[in-house]
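One line per chain: the protein sequences are A and B, in this order.
Using the working numbering, the letters of the first sequence correspond one by one to residues 2 to 190.
Using the working numbering, the letters of the second sequence correspond one by one to residues 5 to 127.
Even glycine gets a Cβ: it sits at the ideal position worked out from N, Cα and C.
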Amino acid sequence: MRKATIIVAVILAAVTGCAPARPDGGQESSGDIPLPGQDWALKDGKVSTAEYRTAMGRFISCVRDAGYPVSDPVRSPADNLTLIYDMTLKGKPNVFNKAVQRCNTAHLSLIEPTFVEAHTQVMATPLRAAVSDCLRHKGVALTHREHNLMDFASSAQSETKVVDCVTKRWTKVYPTLPAAVPLRFTAWR
Amino acid sequence: MTVKFAWPTRKTAAAAGMTAMLAIAPLLISTDAQALGNNRTVERSCGKNYVSSGFTGRQSWAQTQKSSGDCAGRLSAALVRSDGAWTARVYGNSSSAYATHNSTSSARNGLHWGCDACNVTYS
Numbered sequence: 002m003r004k005a006t007i008i009v010a011v012i013l014a015a016v017t018g019c020a021p022a023r024p025d026g027g028q029e030s031s032g033d034i035p036l037p038g039q040d041w042a043l044k045d046g047k048v049s050t051a052e053y054r055t056a057m058g059r060f061i062s063c064v065r066d067a068g069y070p071v072s073d074p075v076r077s078p079a080d081n082l083t084l085i086y087d088m089t090l091k092g093k094p095n096v097f098n099k100a101v102q103r104c105n106t107a108h109l110s111l112i113e114p115t116f117v118e119a120h121t122q123v124m125a126t127p128l129r130a131a132v133s134d135c136l137r138h139k140g141v142a143l144t145h146r147e148h149n150l151m152d153f154a155s156s157a158q159s160e161t162k163v164v165d166c167v168t169k170r171w172t173k174v175y176p177t178l179p180a181a182v183p184l185r186f187t188a189w190r
Numbered sequence: 005m006t007v008k009f010a011w012p013t014r015k016t017a018a019a020a021g022m023t024a025m026l027a028i029a030p031l032l033i034s035t036d037a038q039a040l041g042n043n044r045t046v047e048r049s050c051g052k053n054y055v056s057s058g059f060t061g062r063q064s065w066a067q068t069q070k071s072s073g074d075c076a077g078r079l080s081a082a083l084v085r086s087d088g089a090w091t092a093r094v095y096g097n098s099s100s101a102y103a104t105h106n107s108t109s110s111a112r113n114g115l116h117w118g119c120d121a122c123n124v125t126y127s
């Protein structure tokens, strides 16, 4: 009986030790505190196109210096603002992920959304046509004045339908572009 | 008259083991490492976020969405690809953030953050 009790105690201790302490998705700080590597672009509250490109260049150099190939960035047809790229995993994923996260928070994380929010998103015409067609097939009544993600979400009264249509049509319209598609439903107006 | 139940030691150990398994099963089910689509509300000291993810057959998606509260940080989201690498982290605003990845292989998990320096939550 004693042996059984010990076995139970060991199993429970092992499992509770492995379980997440608190699935809270956050630490106690509620805001964002940029690392010093991003202050130069964020200190005046605005990020210009040149500053965003510089930050992206620093981020990509950081990832490449860590030993991972990164493609040259291109502007996303989803908003004509965000620069997108492919990163190639080499070796252990956890080492790669840590390196990319470190480079991201050091150089780019808060600069990119600050830049995108300050500018008007315009979806590229071929993608816009494909997304319109997809949404119509979902029964959405379009105004034909939709120019970006927010416009489409407003007509569809759903962000989810728009995300579904953009990602579904993405590879058909742009088969050679990076597979990860950042989508921001930001209110810039 | 007193009836004494005296299980043989092996049976006692087996029963205790079974009890332990039943006790730990819910814990195993609720760990972050489970597959894509472990959608739920997660709590922070400043509010609540809803984390969700899925796979449509051609693309995987993850969304971090504010449910309530006054958390000031930018929400962000990413995906764990089938090879274990994380996709680029997409920062939205304080209300919502989406990450998507086109591939016929389903992502393993959605990744969610309540602010830039926050801990990651898996879905």
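Self-check item: Amino acids of chain B, ordered along the chain, whose beta-carbon sits closer than 7 Å to that of Asp66/A
Solution: None at all; the shortest Cβ gap to chain B is about 17 Å.
Quiz item: So is Glu113/A in contact with chain B if we call contact Cβ pairs under 8 Å?
Solution: Chain B, which has a Cβ nearer than 8 Å to the Cβ of Glu113/A, makes this yes.
Practice problem: Measuring only between beta-carbons, confirm whether Asn113/B sits less than 8 Å from chain A. | Solution: Asn113/B does not count as touching chain A.
Quiz item: Taking the Cβ atom as the reference point for each residue, do Pro114/A and Arg78/B lie within a distance shorter than 8 Å?
Solution: Yes, they are a contact pair.
Exercise. Tell me whether Asp73/A is buried or exposed, calling it buried when 16 or more other Cβ atoms sit within 10 Å of its Cβ.
Key: The residue in question, Asp73/A, is exposed, as its Cβ has fewer than 16 Cβ neighbours within 10 Å.
Self-check item: Closer than 8 Å to chain B by CB, Lys169/A
Solution: Interface flag for Lys169/A against chain B is set, since a Cβ pair is found closer than 8 Å.
Exercise. Report the residues of the stretch 174-185 of chain A with a CB closer than 7 Å to any CB of chain B, ordered along the chain.
Key: Only Ala180, Ala181, Val182, Pro183, Leu184, Arg185 from the stretch 174-185 of chain A bring a Cβ to less than 7 Å from some Cβ of chain B.
Self-check item: Where Leu143/A sits in the DSSP three-state scheme
Solution: Assignment of Leu143/A by DSSP, reduced to helix, strand and coil, places it in the coil class.
Quiz item: Among Pro37/A, Gly46/A, Ile34/A, Asp40/A, which one has its Cα closest to the Cα of Ala119/A?
Solution: Ala119/A has its Cα closest to that of Gly46/A, out of Pro37/A, Gly46/A, Ile34/A, Asp40/A.
Practice problem: Check Gln122/A in the structure and name its three-state DSSP category. | Solution: In the three-state DSSP reduction, Gln122/A falls in the coil class, being neither helix nor strand.
Quiz item: Assuming Ala89/B contacts Pro94/A under a Cβ cut-off of 8 Å, what Cβ separation, rounded to an integer in Å, is found between them?
Solution: Contact between Ala89/B and Pro94/A holds: their C-beta atoms lie close to 5 Å from each other, under 8 Å.
Quiz item: With burial defined as no fewer than 16 other Cβ atoms inside 10 Å of the residue's Cβ, what is the status of Ile85/A: buried or exposed?
Solution: Burial state of Ile85/A is buried, judged by a 10 Å Cβ sphere holding 16 or more other Cβ atoms.
Quiz item: Does any C-beta atom of chain A lie closer than 8 Å to the C-beta of Asn106/B?
Solution: Closer than 8 Å to some Cβ of chain A, the Cβ of Asn106/B qualifies, so yes.
Quiz prompt | Test: Gly26/A CB closer than 8 Å to a CB of chain B | solution = Reliability of the predicted coordinates at Gly26/A is poor, the pLDDT of 45 falling under 50, and the value obtained from them is presented with this limitation in mind. Yes, contact with chain B.
Quiz item: Which residues in the same chain as Cys104/A place their Cβ atom closer than 6 Å to its Cβ, once the five residues preceding and following it in sequence are excluded?
Solution: Here the set comprises Phe60, Cys63, Val64.
Quiz item: From Asn92/B to Lys173/A, what does the alpha carbon distance come to, in whole angstroms?
Solution: In the sequence under discussion, the amino acid at residue 92/B is Ala, which differs from the Asn named in the question. In a straight line, the C-alpha of Ala92/B is about 21 Å away from that of Lys173/A.
Quiz item: Between Ile33/B and chain A, is there a C-beta pair that is closer than 8 Å?
Solution: The pLDDT assigned to Ile33/B is 43, lower than 50, so where the model puts this residue is not dependable, and the model offers no usable value.
Practice problem: With DSSP collapsed to three states, give me the class of Phe186/A. | Solution: It is coil, neither helix nor strand.
Exercise. Show which residues of chain A have a CB atom less than 7 Å away from the CB atom of Gly41/B.
Key: Chain A residues near Gly41/B: none, gap ~14 Å exceeds 7 Å.
Quiz prompt | Limits of the alpha helix (DSSP H) - the one that Gln39/A falls within | solution = Per DSSP, Gln39/A belongs to the alpha helix (DSSP H) from 37-43.
Quiz item: In angstroms, rounded to a whole number, what distance separates the CA positions of Thr187/A and Thr161/A?
Solution: The alpha-carbon separation between Thr187/A and Thr161/A amounts to approximately 15 Å.
Quiz prompt | Whole-number beta carbon distance between Gly114/B and Tyr126/B, since they are thought to touch under 8 Å | solution = So it is a contact: roughly 7 Å between Cβ atoms.
Quiz item: Is the shortest distance between the beta-carbon of Ala121/B and the beta-carbons of chain A less than 8 Å?
Solution: With a threshold of 8 Å between beta carbons, Ala121/B makes contact with chain A.
Exercise. In the DSSP assignment, find the beta strand (DSSP E) that holds Tyr54/B and state where it starts and stops.
Key: Counting along the chain, the beta strand (DSSP E) containing Tyr54/B begins and ends at 51-59.
Quiz item: So, are the CB atoms of Val163/A and Leu150/A less than 8 Å apart?
Solution: Taking 8 Å as the Cβ cut-off, Val163/A and Leu150/A qualify as a contacting pair.
Self-check item: CB contact below 8 Å: Ser77/A versus chain B
Solution: Judged by the 8 Å Cβ criterion, Ser77/A is not in contact with chain B.
Quiz item: Per the contact definition of three or more C-beta pairs closer than 8 Å, is the stretch 102-117 of chain B in contact with the stretch 54-69 of chain B?
Solution: Touching, per the Cβ criterion.
Quiz item: Looking only at DSSP bridge pairs, what is Ile85/A linked to?
Solution: In the DSSP output, where bridge partners are listed per residue, Ile85/A has Val75/A.
Quiz prompt | Nearest-angstrom Cα separation, counted from Ser110/A out to Asn123/B | solution = Straight-line measurement puts the Cα of Ser110/A at about 15 Å from the Cα of Asn123/B.
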